[in-house]
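Protein chains: 2
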Amino acid sequence: MGLTMTRAAAASAPDFDLPRFFPYRVAVLAERVSQAISQVYLDRFDLSRAEWRVVAALGCNEKMAAKDIGPYSALDKMQVSRAVARLEQEGLIRRVGDKADGRAKIISLTPAGRTLYQRIVPLTLAREAYLLEALEPNEREILSRAMDRLLARAESLIERG
Amino acid sequence: MGLTMTRAAAASAPDFDLPRFFPYRVAVLAERVSQAISQVYLDRFDLSRAEWRVVAALGCNEKMAAKDIGPYSALDKMQVSRAVARLEQEGLIRRVGDKADGRAKIISLTPAGRTLYQRIVPLTLAREAYLLEALEPNEREILSRAMDRLLARAESLIERG
DNA sequence: TATTGTTATACTCTATAACTATA
DNA sequence: TATAGTTATAGAGTATAACAATA
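Read top to bottom, the protein sequences are chains A and B. In terms of the numbering used here, the first sequence is residues 1 to 161. In terms of the numbering used here, the second sequence is residues 1001 to 1161.
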């Protein structure tokens, strides 16, 4: 990981090595992990990644307004809107108007949606467990904390431009 | 991180929590890191991610055949082909036929391409360094090894389907 | 005037495969 | 028959913004 940052060379030949560049490595890792997991929700159950995230969010939370699904699942409001529209067509979720706020719609899984969720979850958890078996418990803890800190730093970089 | 894997509940309510699900977390992290880095190569220098990777590969390697750029930069041959075509139009790379293999074309940066590379690299390294400042040296080492192992496991999951 | 959610549009990316030229 | 690389095409995903309804 370009971790040592030994800038032996000056601007004319900076110490840059793509395969060790952290942003590259995390992109490749995430892409491969996503492929491995999407074999479950996409290939076997024909859900897009956004649709799977919405199902997962509702599986964890029972009832949510669309505006809360976005922040919970790292999707923007259009991705949520489109995913929710398709999931409703497929009979996997239902929407009812919120009495408290006429603009909002409360979204929840139908029984079919919950059954789907319950089928997918064990398969994805098994794959996650297989991935994490590569690590010792203390390594997992360090990884988890590292990811939280890196995410916070990435977000502060994005903010400042 | 769904790391503890305490499956207290049975299939009817598996211990699934999207925000702690490792594949979700690594996807979100990679996306945010990519946004933070693409502010450099995309917003300031108008390169797509694939184009930046090709420039970076050639910055690290001087001369490469297209077939070697793909594996080096985690791009498929079409992504390489398109990126290379645009970079050539922009005068950032050049292609010459390989005398040893009439099918292959040897690709290298032009002086303009190398100048661009040398401008981008310090900026991306600075952002990488900022991200990694969040971690102690030993944490970086553990993270680096963890990423290698997780990648290998993800690839073996993909292979077996 | 701001927020919730949908729709429209254009653009980019991706995936598959057909195609050429060489080997 | 296989490989290096390009091109074609269609589908999926993305970004921006306009829009309607409600607050």
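Even for Gly, the Cβ is constructed at its ideal location relative to N, Cα and C. As the structure is a computational prediction, the values presented were derived from the model and not from experiment.
Here's the rule: buried if 16 or more other CB atoms are within 10 angstroms of the residue's CB, otherwise exposed. What is residue i?
| i | result |
| --- | --- |
| A:Thr115 | exposed |
| B:Pro1023 | buried |
| A:Arg196 | This structure cannot settle anything about residue 196 of chain A, because the visible part of chain A is limited to 1 through 161. |
| A:Met78 | exposed |
| B:Glu1128 | buried |
| A:Ser156 | exposed |
| A:Arg140 | buried |
| A:Val96 | exposed |
| A:Gly102 | exposed |
Which two residues bound the contiguous beta strand (DSSP E) that contains residue i?
| i | result |
| --- | --- |
| A:Val40 | Counting along the chain, A:Val40 falls outside any beta strand (DSSP E), and DSSP gives it neither H nor E. |
| A:Ser48 | Counting along the chain, A:Ser48 falls outside any beta strand (DSSP E), and DSSP gives it neither H nor E. |
| A:Ala134 | Neither: A:Ala134 is in no beta strand (DSSP E) and is coded neither H nor E. |
With a threshold of 8 Å between beta-carbons, can residue i be considered close to chain B, or not?
| i | result |
| --- | --- |
| A:Tyr72 | yes |
| A:Pro23 | yes |
| A:Asp98 | no |
| A:Thr6 | Model confidence at A:Thr6 stands at a pLDDT of 44, short of 50, so the residue's coordinates are unreliable; what they give is reported in the following sentence. By this cut-off, A:Thr6 is not an interface position. |
| A:Gly161 | yes |
| A:Val80 | no |
| A:Ile93 | no |
| A:Gly59 | yes |
| A:Glu139 | yes |
| A:Met64 | no |
Is residue i near the ligand MN, judged by its Cβ being under 7 Å from some heavy atom?
| i | result |
| --- | --- |
| A:Glu62 | For the structure depicted, the ligand MN is absent and the ligand set is empty, with no information on it obtainable. |
Under three-state DSSP, which class holds residue i?
| i | result |
| --- | --- |
| B:Lys1099 | coil |
| B:Leu1087 | helix |
| A:Leu75 | coil |
| B:Phe1016 | coil |
| A:Gly161 | coil |
| A:Phe21 | coil |
| B:Met1147 | helix |
| B:Leu1092 | coil |
What residues are listed by DSSP as bridge partners for residue i?
| i | result |
| --- | --- |
| B:Lys1105 | B:Gly1097 |
| B:Ala1065 | B:Ile1106 |
Is the Cβ of residue i closer than 8 Å to any Cβ of chain A?
| i | result |
| --- | --- |
| B:Leu1109 | no |
| B:Phe1045 | no |
| B:Asp1017 | yes |
| B:Glu1155 | yes |
| B:Val1028 | yes |
| B:Gln1035 | yes |
| B:Gln1039 | yes |
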